[in-house]
Each structure stands twice: as structure tokens, then as C-alpha cells.
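Written out below as C-alpha cells is the structure these notes cover.
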Amino acid sequence: MSAEKSFYLTTPIYYVNDAPHIGHAYTTVAGDVLTRWHRQRGESVWFLTGTDEHGEKVMNTAAANNASPQDWCDRLVEESWKPNWQALNIANDDFIRTTEPRHEERVQKFMTLLKDNGYIYAGKFEGPYCIGCEEFKLPGDLDEGKCKLHGKPVEMLSEDNWFFKLSAFVPQLLAHYKSKPEACEPASARNEVIAFLESGVRDLSISRSTFDWGIPVPWDTKQVIYVWFDALLNYATAVGLGDDPDSAGGKKFTETWPADVHLVGKDILRFHAVIWPAMLMAANVAVPKKVFAHGWLLVGGEKMSKSKLTGISPSEITDHFGVDAFRYYFLRAIPFGTDGSFSWEDMSARYTSELANDFGNLASRLIAMIEKYCEGVIPERADGDGLAPALKATVLAADKAMVALDFQGGITSIMEFCKRVNGYVTEREPWAIAKDAARTAELNEVLYNTADAIRALAVLLHPVMPATTQTLWESIGAESTLGKIGEQKISEVSNWGVLPAGCKVTKGAVLFPRLE
RNA sequence: GGCGGGAUAGCUCAGCUUGGUAGAGCAAACGGCUCAUAAUCGUUGUGUCGCCGGUUCAAAUCCGGCUUCCGCUACCA
């Protein structure tokens, strides 16, 4: 038997020409949180992200900057994209670029296979062409038959292209989505895909001859492969698509494919839910288990965009609130799959209320009391009082939600437990008990229970806020007794009494300082 | 135009399938407490439930019409 099948998650590969903004970060953080959660469930995990580097726009921008397309891409990847993900604490296992040989070679091999299988044929791409723009226009670019930019009538031109028999896969795709609702989520996205498939699908032109920044069609090197056809394949080429089963790449492919989740923004749903699985079907490769389309981040009620000056870079937010608050906020505030409004006011309100006042302050009051009443040492184990069963229920609910990509539900469950622990401390009033020397056992019980609950909270929130929970982990003395926080298992986190007595507590800087 | 989704407290939203005096969190006001990051605990107010009409003893909830916002209606990525 082969090795355990990994939980394989991908983000889209981002168009290298764009500057990373919070929309890109939203998708990637969601993927990071989900894969960290699965790792803590003890699963083998593979998390891929990367960049999409071919196409006319990149070629033109590079030229405008007096660089070759390859040099231009190298620069953007190294100076912009990779540092951006490092800054956000993204723990991807691989980063694929569509200009890498491993990708280009496997794409060409795949193309050849599809042609051999009879799904690629020569045809003519016909469409409205604007001489002024020197490009084919989309229906939305036209105003009564005239180019919106130039106001001139367009001409119908045709170009010899290679076509993919997309239409041949409509019945299979419909059967797939109708029999497997989980293959495309949320339901609204699935309904759109089904409606689209039922409305009639034409074959797809998958090569271009008007520019040359792309992967050459293996048997017709005057043409390059259409960027989307190239880009979608990254999910499979990155893990060894088409390699000999006994080779390293082939083994990797067996371990990872099919992908468990492709995370996408809803604007690129169709490419992932229609074209991509059809390509795989044409090659007799398994289709992904799930395509999940999340919503857009709205600013002032509108989709964020650079042209409207509403594009926000992650650093604008992390400079003020910190990386962990950034990661927490978007997943906590917005149901994954629907659009969500971002505002500085809402982010500030949640930061103060949920992170500083609820979570950070709970840690702060516990540590202060351990130092004051227990000489900085965790007292002997206690049975958890009502907190133990509450924690069990929390972990069950949180795990169920997170695995279903309901980040809001999962985080909410955890934060409700946090409130519950705060309430426990308030009810038991350890500061009052401490005044009576005869009640030391009771005092120790309350403080131990609080400390062990915080131990669980740190583990549960670690996928969402890796840095802050690491700090907390160390400050309750867990690192040196229980080991690394990232290796604590979700399945064991609700066991009670895990934090050993005698742990040395150290007071550090507050986790979430109050902001102006 | 067609199909789909939304319009409910100052803000973000739940409730609508299975009609019965309108809910949560945050924000606001007042009081308590002190272990804590002026933290926290308790109490309190707030709404012609987009508009018009219908069914009903009773409608945010069902039906019809309307206004308005948004998404999809194939090859920019």
C-alpha cells in the first residue's frame, strides 16, 4: 500500500502582476488556518500556493519596465509575493510558479495526452476585434457593437487556435455536481455552476498566437497555451502529475491527488468548477473533492478595487493591529462563502472586545494571580469543575465547524468557551478566597482549572493566531513540559488536567495591547 | 431581459421552511467589584421588521404587486 493520503489544499495561484492585497491574503490565510487545523488533527497535510506568471499583461508590464518577462516575474515573486506570505505567517509546504520547468514540462505532457485522447482539435476562434486595442473584446466591453474605449466599430476576426472539447463533458459534470453536493460549496456557488452547465457550454479555445509569453503548444510552437489552461494545471503539476508511478513525483501524486479543497474567490469559480474538472476527466485523472468559493471583501459596500482606491495591502492593517489580529478578524467576522464588509471601525471594535478584553485579559488576570498567590507556579491538578464538560462540547463543535470550512462558527465556539472561563473566574472570586488562609486548597483548585482551560484555548486558537498563542504557551510554562504547541492534538485537547502542576509561569508583555 | 440572493435596533447580522405581543453581539446609559489590558459583572433603553395590497382571530414570517442593491447570464486574469 502507498503512504497515507494527505489532506491536500490549494489556494489560487495569484497573478504575479498584481500587488498583494487583503483579498489575496483572505484566501491564503483561510487555507493556512484550515491546513494548520488539519495538521493538529494529526493528519498528513500538503498546502500549496504560488503565482501565475504567463500572459499578455505580464509581458507588457515587463516591457514597460525594461525587463524580460522572466526577470520581471522573478523580481515580483522574490520582493513582493513570498515576503508577503512570510509576514502573514503562512506555512505553505510548496510554492509553485508557472514558469518553473517542473510545471511547463508536465503541462506539455498533459496537453499531448489530451490530444492523443482526442479532446483537442484545430479550429477558428472568432470574435469581435478592436483594431485600436489590438485585441479581441468581450461582450461586456462593447457598447452597441462599438469598443467602449475607442468608440469605433469592431470587426469580426478569426484566429486559428487549438480547441478543447469542453462540451463533451457537460453530462459528466452535471452528474458529478448533482450527486455530490459537497463537490462545490457553498450551495449558491453550486447552483450557479449547475445553471451554467445546463444553459449550454461551448468548446474552449486553449491556445493563442498573437503573443509569445506562455508555454508553447508542444506540436505547434507558434502558439502558446491559453493562460487559464496553463494555470489550472498547477494544482496537479506541483505534485507530480503524469510522472511514472515509481518515481518521486509519481509517489507524491499518489499521496496527494485528488486535492481535498481548492479555495477560490467566487469570481474564478467557473474556471475551477467547470473547465478544470473537465480537463481532468479528459485525461482520466480524478477530479478534486471540493471547490469552495468564498465571498469578496467589500469596502464601503463595494468590491475592493485598486481603481477606486479601496485596495488595501495587508501591511496597512498588520502594522496597526498585528498579524494575528489580521488572521483572526476576517475569518471570525465574515461567514466564509458570503461577501463581508471590512471597516476599520469594526476591526477595532472586535480587536478590543474579543482579543484584548476577552482573550488577552483572561491570560493576564490568570498569570497575575498565579504570581501573586502561588509564587508563579501552577498548583496541583483539579478536576475542572464545570469547565471540563464545556471544553468537551467546545472542541466537538469547533472541530466540526472548522473541518466544514465554517471558520466563523469554529472560532465563535472557541471564543464562547473563553467567555465561559472568564465567567468562571468571576464567579469563584479567587481574590476573595485568597484573603482566607484556610481556603488555600479551594484557591488552588480555581487557579488550576483556569490555567488548564487557558492551555486548551491556546491550542485551539493556535491555527488562527500562531504567534500569540505561542507566546501564551511559553508564559504558562507549557513549552518545556508539554512540548511544542503545534504538536498538540485536537483530539486530545479536551482531556482535562493536561497542564502539569509545577509549571513556572512568567509574565510577559500583554498579548493584545489596547490601541488608540 | 432571464435566473438567483438581499432589504430587520446606531453598527454587523439571526429569526422567515412548521404565522401567535421582535432577538444576539458590539456600541450607549446607570450601578457593583478589583485578580486583570480604565479590565470585568449586573441592570436598562432602542426598532411604522424596504413600500403597497391580500389571506387570517393573528404576518417580519404565507400570497400578489412595487422600489432598491447585488451576483450569474462563458474564453482579462
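The numbering of the first sequence is this note's numbering, which starts it at 9 and goes up by one. Glycine included, each C-beta is placed from N, C-alpha and C at the ideal position. Keep in mind the model is a prediction, meaning the values are calculated, not measured.
Under the DSSP assignment, Pro-20 falls in the beta strand (DSSP E) whose first and last residues are 15 to 23. By the neighbour-count criterion, in which 16 or more other beta carbons inside 10 Å mark a residue as buried, Asn-92 falls on the buried side.
Per DSSP, reduced to three states, the secondary structure at Asn-68 is helical. Inclusion of Phe-177 and Ala-267 in the CB contact set at 8 Å is not warranted, their separation being larger than that value. Using a 10 angstroms sphere on the CB of Glu-112, the tally of other CB atoms reaches 16 or more, which defines it as buried. For Arg-49, the three-state secondary structure derived from DSSP is coil. Taken through DSSP and simplified to helix, strand or coil, Asn-365 comes out as helix. Residue environment analysis places Glu-500 among the exposed positions, since fewer than 16 neighbouring C-beta atoms fall within 10 angstroms of its C-beta. Across the set Lys-123, Met-164 and Leu-182, the C-alpha of Lys-123 shows the shortest separation from the C-alpha of Phe-171. Boundaries of the beta strand (DSSP E) harbouring Val-269: 269 to 273, taken from the DSSP string. A contact between stretches requires three or more CB pairs, one per stretch, nearer than 8 Å, and the segment 279 to 299 meets this requirement with the segment 251 to 271. Unbroken beta strand (DSSP E) stretches of 3 residues or longer found wholly inside the segment 237 to 293: 269 to 273, given in chain order. For Met-119, the closest alpha carbon among the candidates Ala-191, Ala-71, Val-66 and Gly-250 is that of Gly-250.
Its chain contains His-111, Arg-114, Val-115, Phe-118, Leu-249 and Met-287 as the residues whose beta carbon lies nearer than 8 Å to that of Leu-241, once the 5 sequence neighbours on both sides are disregarded; these appear in chain order. Considering only Gly-131, Thr-489, Ile-276 and Tyr-22, the residue with the shortest C-alpha distance to Ile-214 is Gly-131. Within the same chain, and ignoring the five residues on either side of Phe-334 in sequence, the residues whose Cβ sits closer than 6 Å to its Cβ are Ile-325 and Thr-326. Only exposed fits Thr-434, as fewer than 16 other CB atoms lie within 10 angstroms of its CB. The segment 74 to 94 and the segment 222 to 239 do not touch, with fewer than three beta-carbon pairs separated by less than 8 Å. Within the same chain, Cβ atoms closer than 6 Å to the Cβ of Asn-100 are found at Phe-55 and Thr-57, the five residues on either side in sequence being excluded.
DSSP places Thr-229 inside the beta strand (DSSP E), whose first and last residues are 228 to 233. DSSP places Ala-301 inside the beta strand (DSSP E), whose first and last residues are 299 to 302. A distance below 8 Å separates the beta carbons of Thr-107 and Gln-78. Thr-229 and Glu-51 have their C-alpha atoms some 43 Å from each other. Between the alpha carbons of Tyr-137 and Leu-165 lies a distance of about 6 Å. Residue ranges of uninterrupted beta strand (DSSP E) with 3 or more members, entirely inside the segment 99 to 133 and ordered along the chain, are 102 to 105.
In this structure, the straight-line span from the alpha carbon of Ser-356 to that of Leu-363 is close to 10 Å. Per DSSP, the continuous beta strand (DSSP E) segment holding Asn-169 begins and ends at 163 to 172.
The beta carbon of Trp-352 sits closer than 6 Å to no other beta carbon from its chain once the five residues preceding and following it are set aside.
Going by DSSP, Ser-349 is part of the beta strand (DSSP E) stretching over 348 to 350. Ser-217 and Asp-168 have their C-alpha atoms some 8 Å from each other. About 6 Å separates the CB atoms of Tyr-359 and Phe-329; that is less than 8 Å, so the two are in contact. DSSP places Leu-395 inside the alpha helix (DSSP H), whose first and last residues are 395 to 411. Taking the CA atoms as reference points, Met-473 sits about 17 Å from Arg-522. For Leu-305, the uninterrupted beta strand (DSSP E) segment begins and ends at 305 to 307. Around the beta carbon of Lys-260, 16 or more other beta carbons lie within 10 angstroms, which makes this residue buried. C-alpha of Cys-81 to C-alpha of Tyr-23: approximately 10 Å in a straight line.
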